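2 protein chains.
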Amino acid sequence: MFNQNEKDAIYKVIENRRDVRSFLSKPIPESVLQRILEAGHHGPSVGFMQPWNFIIITSDKIKERLAWATDKERRALAIHYENERQQKFLNLKIEGIKEAPITICVTCDPTRGGSHVLGRNSIPETDVLSTACAIQNMWLASCAEGLAMGWVSFYKKNDVRDILDIPPHIDPIALMSLGYTDQYPDKPILESSGWEKRRALENLIYYNRWDNQTKE
Amino acid sequence: MFNQNEKDAIYKVIENRRDVRSFLSKPIPESVLQRILEAGHHGPSVGFMQPWNFIIITSDKIKERLAWATDKERRALAIHYENERQQKFLNLKIEGIKEAPITICVTCDPTRGGSHVLGRNSIPETDVLSTACAIQNMWLASCAEGLAMGWVSFYKKNDVRDILDIPPHIDPIALMSLGYTDQYPDKPILESSGWEKRRALENLIYYNRWDNQTKE
Chain L
1 MFNQNEKDAI
11 YKVIENRRDV
21 RSFLSKPIPE
31 SVLQRILEAG
41 HHGPSVGFMQ
51 PWNFIIITSD
61 KIKERLAWAT
71 DKERRALAIH
81 YENERQQKFL
91 NLKIEGIKEA
101 PITICVTCDP
111 TRGGSHVLGR
121 NSIPETDVLS
131 TACAIQNMWL
141 ASCAEGLAMG
151 WVSFYKKNDV
161 RDILDIPPHI
171 DPIALMSLGY
181 TDQYPDKPIL
191 ESSGWEKRRA
201 LENLIYYNRW
211 DNQTKE
Chain E
1 MFNQNEKDAI
11 YKVIENRRDV
21 RSFLSKPIPE
31 SVLQRILEAG
41 HHGPSVGFMQ
51 PWNFIIITSD
61 KIKERLAWAT
71 DKERRALAIH
81 YENERQQKFL
91 NLKIEGIKEA
101 PITICVTCDP
111 TRGGSHVLGR
121 NSIPETDVLS
131 TACAIQNMWL
141 ASCAEGLAMG
151 WVSFYKKNDV
161 RDILDIPPHI
171 DPIALMSLGY
181 TDQYPDKPIL
191 ESSGWEKRRA
201 LENLIYYNRW
211 DNQTKE
C-alpha cells in the first residue's frame with residue numbers, strides 16, 4: 001500500500017517528467033544508470049516476453065554518427081513544412097545526442113519468447129507497446145534521479161541499425177538521450193514554443209461507446 | 001527535485017505494479033478514476049499530439065460483449081498450443097472484464113495533429129508508442145491508488161470497434177480492467193505460474209553496439 005506522501009511523489013514525477021534536448025557534460029554515476037535500466041526492465045510485457053535490449057552509447061564517434069543520421073532526417077522533414085511553420089520547425093532543437101553523456105538505444109526483439117507469445121498472437125505490436133512501457137518507466141526514474149531524458153525519433157531505422165550493428169529483425173524503437181541539465185522545462189517544449197497546446201482531458205473521455213460524452 | 005523518500009516511492013510503484021485478472025466489485029471513487037486518467041493524459045507524446053481517448057466502460061451489457069470477444073479469441077489461440085502447454089494455457093485466467101467495475105478502452109487516433117506530426121513523420125508508430133506510455137502512467141497511478149489493473153490483449157480489434165462504435169481508423173490499443181482486488185500478486189502471474197521466467201538484466205545490456213557486453 002502507498003501512503004499519501006508516496007502517492008504525491010508518484011503523481012509529482014508523472015506530472016514533471018519532460019522531454020529534454022539540452023544537456024550538461026556532467027557524468028552519470030553508474031549506480032544511477034543501473035537503477036534507471038532496472039526500472040525499464042520492470043516494465044510490463046505481453047506474455048512476460050521482456051523483448052527489450054538497452055545499448056548504452058558513450059563513444060563520441062558513435063554519437064557523431066547518430067547525430068548525423070538524425071540531422072539528415074531533420075533536414076529531410078523540414079521540406080514538408082512550409083513558410084513560417086518551416087522556420088519554426090528549423091528553430092526547434094530536436095536532439096542533444098552529442099551533448100548528452102549517454103544515449104540509450106532501446107530495441108525490441110519480436111522473436112523473443114518463441115513463435116506463440118501469450119497475448120501477442122492476437123495483437124502482434126504488443127511487443128513494441130511493452131517496450132514503450134519500459135521506456136516510460138526509465139523516463140520517470142530519470143526524472144526522479146534529477147536527470148533529464150529526451151526521446152529522439154528523427155531517424156531512419158536502417159541508419160541506426162547500420163551504426164549500431166543491429167540485426168535486421170530487431171526494431172530500434174528509440175534513442176533516449178540522458179544527462180543532467182540546467183534547463184529542465186516546466187512545460188512541454190512544444191507547448192512553450194507555441195507548436196501545440198495541451199488538450200482538455202474532459203474532451204478525450206467517452207462513456208461506454210465512442211463519441212458519447214454523457215456519463216450514464 | 002526529489003528527495004530520497006520520494007525516489008523510494010517511485011521505484012516502489014515501478015517494482016510493485018502487476019498485471020491483475022481478479023477483481024472485487026467494490027466501486028471506484030470518481031476522484032480516483034479522474035486522477036488515473038490525468039496520469040495517462042500526462043504521458044509523453046510524439047509532436048505533443050496526445051493521440052489518446054479513454055472509453056470508460058461501466059455497462060454490464062457492453063462488458064458481456066467484450067468478455068465474449070476475448071473468450072472467443074482465447075479459445076482460438078488455445079489451438080496453437082499443444083499437449084501440456086495447451087492445458088496450462090487454458091487454466092490461466094486471462095481477463096476479468098465482467099468482474100472489474102470499470103474497463104477502460106484506450107485508443108489511438110493516428111490523424112490527430114494533422115498530416116505532419118513532428119517526429120511521427122520518421123517513425124509512424126510513435127503514435128501508438130505514445131499511447132502505451134500513457135497506459136503505463138495509468139497503471140502506475142492505479143497501483144499507487146491501491147487499485148489493480150489488467151491489460152487485456154486477447155481480442156480482434158474489429159470486434160472491439162463493433163462493440164464500442166469505434167471508427168475504422170481509430171486503433172483500440174488496449175482494454176484496461178480496473179478495480180480493487182484481494183489477490184494483488186507479488187510477482188508477475190506468468191512467473192508464479194511457471195509460464196515464463198524473469199531474465200537477468202545484465203544479459204540485456206550492450207555497449208556502443210549490438211551484442212557487445214564489454215563495457216568500453
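Note that the protein sequences, when read in sequence, are chains L and E.
Just so you know, the working numbering puts 42 at position 42 of the first sequence, and the rest follows in order with no gaps.
Just so you know, the working numbering puts 24 at position 24 of the second sequence, and the rest follows in order with no gaps.
Idealized CB from N, CA, C, for every residue including glycine.
Because the structure is a prediction, the values reported are computed rather than measured.
Measure the alpha-carbon distance for residue i versus residue j and round it to whole angstroms.
{"i": "L/D182", "j": "L/I62", "result": "25 Å"}
{"i": "E/V32", "j": "E/H41", "result": "14 Å"}
{"i": "L/I170", "j": "E/D211", "result": "12 Å"}
{"i": "E/P44", "j": "E/K7", "result": "20 Å"}
{"i": "L/I173", "j": "L/N158", "result": "12 Å"}
{"i": "E/K72", "j": "E/R18", "result": "25 Å"}
{"i": "L/C105", "j": "L/D186", "result": "26 Å"}
{"i": "E/W151", "j": "L/E84", "result": "43 Å"}
{"i": "E/N208", "j": "L/T58", "result": "7 Å"}
{"i": "E/V46", "j": "L/L77", "result": "15 Å"}
{"i": "E/I97", "j": "E/E64", "result": "8 Å"}
{"i": "E/P168", "j": "L/K93", "result": "36 Å"}
{"i": "L/S153", "j": "E/P124", "result": "10 Å"}
{"i": "L/P188", "j": "L/E216", "result": "34 Å"}
Looking at chain E, is there any beta carbon in it that lies within less than 8 Å of the beta carbon of residue i?
{"i": "L/Q234", "result": "The shown model of chain L, from 1 to 216, leaves out residue 234 of chain L, and the question about it has no answer."}
{"i": "L/A69", "result": "no"}
{"i": "L/Q50", "result": "yes"}
{"i": "L/R209", "result": "yes"}
{"i": "L/L24", "result": "no"}
{"i": "L/N137", "result": "yes"}
{"i": "L/D165", "result": "yes"}
{"i": "L/A78", "result": "no"}
{"i": "L/P188", "result": "yes"}
{"i": "L/A144", "result": "yes"}
{"i": "L/R65", "result": "no"}
{"i": "L/I57", "result": "yes"}
{"i": "L/V20", "result": "no"}
{"i": "L/L37", "result": "yes"}
{"i": "L/I28", "result": "no"}
{"i": "L/A141", "result": "yes"}
{"i": "L/G96", "result": "no"}
{"i": "L/E84", "result": "no"}
{"i": "L/K7", "result": "yes"}
{"i": "L/V128", "result": "yes"}
{"i": "L/K93", "result": "no"}
Closest to residue i by CA distance: which of the options is it?
{"i": "E/G222", "options": "E/V13, E/E6 and E/D8", "result": "Nothing can be reported for residue 222 of chain E, as the shown portion of chain E is limited to 1 through 216."}
{"i": "L/F23", "options": "L/K156, L/G194, L/R199 and L/E99", "result": "L/E99"}
{"i": "E/G113", "options": "L/I189, L/K26, L/K197 and L/G96", "result": "L/K197"}
{"i": "E/S25", "options": "E/Y207, E/A148 and E/W195", "result": "E/A148"}
{"i": "L/Y155", "options": "L/R85, L/Q86, L/L90 and L/A69", "result": "L/A69"}
{"i": "L/A250", "options": "L/P27, L/A39, L/N5 and L/A9", "result": "Because residue 250 of chain L is not part of the residues shown, which for chain L are 1 to 216, the question remains open."}
{"i": "L/I102", "options": "L/E202, L/L204, L/E30 and L/Q213", "result": "L/E30"}
{"i": "E/T126", "options": "E/L90, E/P51, E/A9 and E/R21", "result": "E/P51"}
{"i": "L/N203", "options": "E/P27, E/I55 and E/N5", "result": "E/I55"}
{"i": "E/N255", "options": "E/T111, E/K215, E/P188 and E/F2", "result": "Residue 255 of chain E falls outside the range modelled here, since chain E spans only 1 to 216, and no answer is possible."}
{"i": "E/F48", "options": "E/I189, E/D165, E/G194 and E/L129", "result": "E/L129"}
{"i": "E/S193", "options": "E/T214, E/N91, E/C133 and E/E216", "result": "E/N91"}
{"i": "L/T131", "options": "L/C143, L/W139 and L/T107", "result": "L/T107"}
{"i": "E/I10", "options": "L/V160, L/D109 and L/Q136", "result": "L/Q136"}
{"i": "L/A200", "options": "E/D162, E/I163, E/A200 and E/L37", "result": "E/L37"}
Counting only C-beta atoms, is residue i closer than 8 Å to chain L at any point?
{"i": "E/C108", "result": "no"}
{"i": "E/V32", "result": "no"}
{"i": "E/M176", "result": "no"}
{"i": "E/N121", "result": "yes"}
{"i": "E/G114", "result": "no"}
{"i": "E/E196", "result": "yes"}
{"i": "E/S192", "result": "no"}
{"i": "E/K72", "result": "no"}
{"i": "E/A148", "result": "no"}
{"i": "E/L201", "result": "yes"}
{"i": "E/K88", "result": "no"}
{"i": "E/N53", "result": "yes"}
Determine whether the Cβ of residue i lies closer than 8 Å to any Cβ atom of chain B.
{"i": "L/E99", "result": "The structure shown has no chain B; the protein chains it does contain are L and E."}
Under 7 Å from any heavy atom of the ligand HEM, does the C-beta of residue i make it?
{"i": "E/I36", "result": "For the ligand HEM, the structure offers nothing, since it holds no ligand at all."}
Exercise for the section: Examine the Cβ distances between the stretch 117 to 126 of chain E and the stretch 172 to 181 of chain E and report whether three or more of them are shorter than 8 Å. Expected result: no
Exercise for the section: Note down, one range per segment and in chain order, each beta strand (DSSP E) of at least 3 residues found wholly within the stretch 5 to 70 of chain E. Expected result: 52 to 57
Practice task
Identify every run of the alpha helix (DSSP H) within the stretch 123 to 190 of chain E, keeping only runs that are complete inside it and at least 4 residues long; order them along the chain.
Solution key: Listed in chain order, they are 126 to 144 and 157 to 164.
Exercise for the section: At 3 residues or longer, and completely inside the stretch 91 to 115 of chain L: list those beta strand (DSSP E) runs for me, N to C. Expected result: With a minimum length of 3 residues, the continuous beta strand (DSSP E) runs that stay inside the stretch 91 to 115 of chain L are 102 to 108.
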